[in-house]
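In terms of my numbering, the sequence shown has 1390 at position 202, counting the first letter as 1, and numbering is strictly consecutive.
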Amino acid sequence: MSETATTEEPTAGDLLRGAFARISRESQIFLVLVGLYAVANILLYLPLLEPLRAIREATGGGDPAAIQEAGKRLLGPFLILIIGAIIAFGFFATLWGRAAALGRPAAGDGLFGRALAVMWRTVAFIGWAILLGVPLFLFVILFQAVLGLVGINVQAAGGKLIMQVIVAIIAILLYLPLSSAFQLAVVETAIEGRTPIHLAFQAMMRQGRAYLLAFFVVALIFGLAGFVWDQLFTDEGIPTRLSMIGSAIFNSLGAGVMLALAVEMRGHLDFRRPERI
């Protein structure tokens, strides 16, 4: 079973209403899957606490050997976090994407094969994100040099604010289309077959301007919620158990809403589908 693409272009409001209607219709499985996904994220995040604190203490002490040792302690939990997060998202996105589009009975059909394909989409997304991060990093260095030439101290409050605003704007312009296309590729892969990110990006850019706006609204809401939570419960720049738990919950809820939004947009797109699973 699959949804038929329509040529009618929706508004951002239409997409948001449709996404929340899907969540309401499948609210039980949504809450269960988001809860399980949040628990998985919490279990992956918490082992980072002690290594992060050790790095903070070593940095404050100014001992290079202690800093290096603390960094080694962080490496293992960080690698486990990356691998575990990809696996957890693969199963979560497959189950919830299919449930949101096709209903709860179809959620587990072909689960392992589709989840593996979604995991591969996730690895590809990380690769694209790193590639985009390189020019962004180079721009930051260049822009700092330009500010220095015109007499603006980047380390001063005004210079830092300028840099933060500029980098935030560029990051949004770079990563918003990539992230939203990634969500489309994920749900299309979970529902129909193998859909590379570049095909989702092409379809979205042809027909998905309203989707970009709706995606930005959802990302902004949950991003701000997570940021405020972190500011309330972070201990002098170091995450606490409570801040990590809150971040995991907000991230999981945001991921669920974004996937529902992508499923809603999918019905308005014309994908050129390659090989099916």
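A virtual CB, placed ideally from N, CA and C, is assigned to each residue, including glycine. No experiment lies behind these values; they were computed from the predicted model shown.
Query                                                                                                               : Result
Residue burial classification, residue 1393 (beta-carbon count within 10 angstroms, cutoff 16)                      : exposed
Residue span of the alpha helix (DSSP H) that contains residue 1265, given as start and end                         : 1252-1290
Pick from 1415, 1431, 1412 and 1309 that is closest to residue 1421, judged by C-alpha positions                    : 1431
Contact the region 1354-1363 vs the region 1375-1393: 3+ CB pairs below 8 Å                                         : no
Inter-residue Cα distance where the pair is residue 1201 and residue 1409                                           : 15 Å
CB of residue 1225 within 7 Å of CB of residue 1300, strictly                                                       : no
Cβ pair count under 8 Å reaching 3, the region 1261-1268 against the region 1206-1217                               : no
Residue 1293 versus residue 1372 - alpha carbon distance                                                            : 22 Å
Contact between the region 1245-1259 and the region 1442-1457 (3+ Cβ pairs under 8 Å)                               : no
Residue 1270 and residue 1258 closer than 7 Å at C-beta                                                             : no
Residue 1304 beta carbon less than 7 Å from that of residue 1295                                                    : no
Rounded C-alpha distance that separates residue 1302 from residue 1246                                              : 44 Å
When 1255, 1277, 1288 and 1232 are compared against residue 1214, the one with the closest alpha-carbon             : 1288
Outcome for residue 1190 when other beta-carbon atoms lying within 10 angstroms are tallied against a minimum of 16 : Confidence is the limiting factor: at residue 1190 the pLDDT is only 44, short of 50, which leaves the residue's position unreliable, though a coordinate-based value still follows. It counts as exposed.
Integer-rounded CB distance, given that residue 1414 should sit under 8 Å from residue 1440                         : About 11 Å; that fails the 8 Å criterion.
Nearest-angstrom Cα separation, counted from residue 1370 out to residue 1464                                       : Low confidence applies here, because residue 1464 scores a pLDDT of 42, under 50, leaving its location unreliable; read the following figure in that light. Each residue's alpha carbon lies about 18 Å from the other.
Residue 1238 burial status per 10 Å Cβ neighbour count (16 or more: buried)                                         : exposed
Residue range of the alpha helix (DSSP H) that includes residue 1452                                                : 1429-1454
Environment of residue 1462 [buried if 16+ CB atoms lie within 10 Å]                                                : Here residue 1462 scores only 43 on pLDDT, less than 50, and its place in the model should not be relied on; the value that follows carries that caveat. By the neighbour-count rule (16 or more Cβ atoms within 10 Å), residue 1462 is not buried but exposed.
From 1278, 1218 and 1368, residue whose alpha carbon lies closest to that of residue 1401                           : 1368
Same chain, Cβ closer than 8 Å to residue 1395, neighbours up to 5 away in sequence not counted                     : 1197, 1456, 1457 and 1458
Three-state secondary structure assigned by DSSP to residue 1458                                                    : coil
Cβ neighbour criterion (16 or more within 10 Å) applied to residue 1438                                             : buried
Whole-number beta carbon distance between residue 1306 and residue 1278, since they are thought to touch under 8 Å  : 4 Å
Backbone secondary structure at residue 1381 - three-state DSSP                                                     : strand
Close Cβ partners of residue 1365 (< 8 Å) along its chain, the five nearest in sequence each way excluded           : 1389, 1392, 1393 and 1400
DSSP state of residue 1189 mapped onto helix, strand, coil                                                          : Note that residue 1189 has pLDDT 42, beneath the 50 cutoff, so the model's placement of it is unreliable and no number is given.
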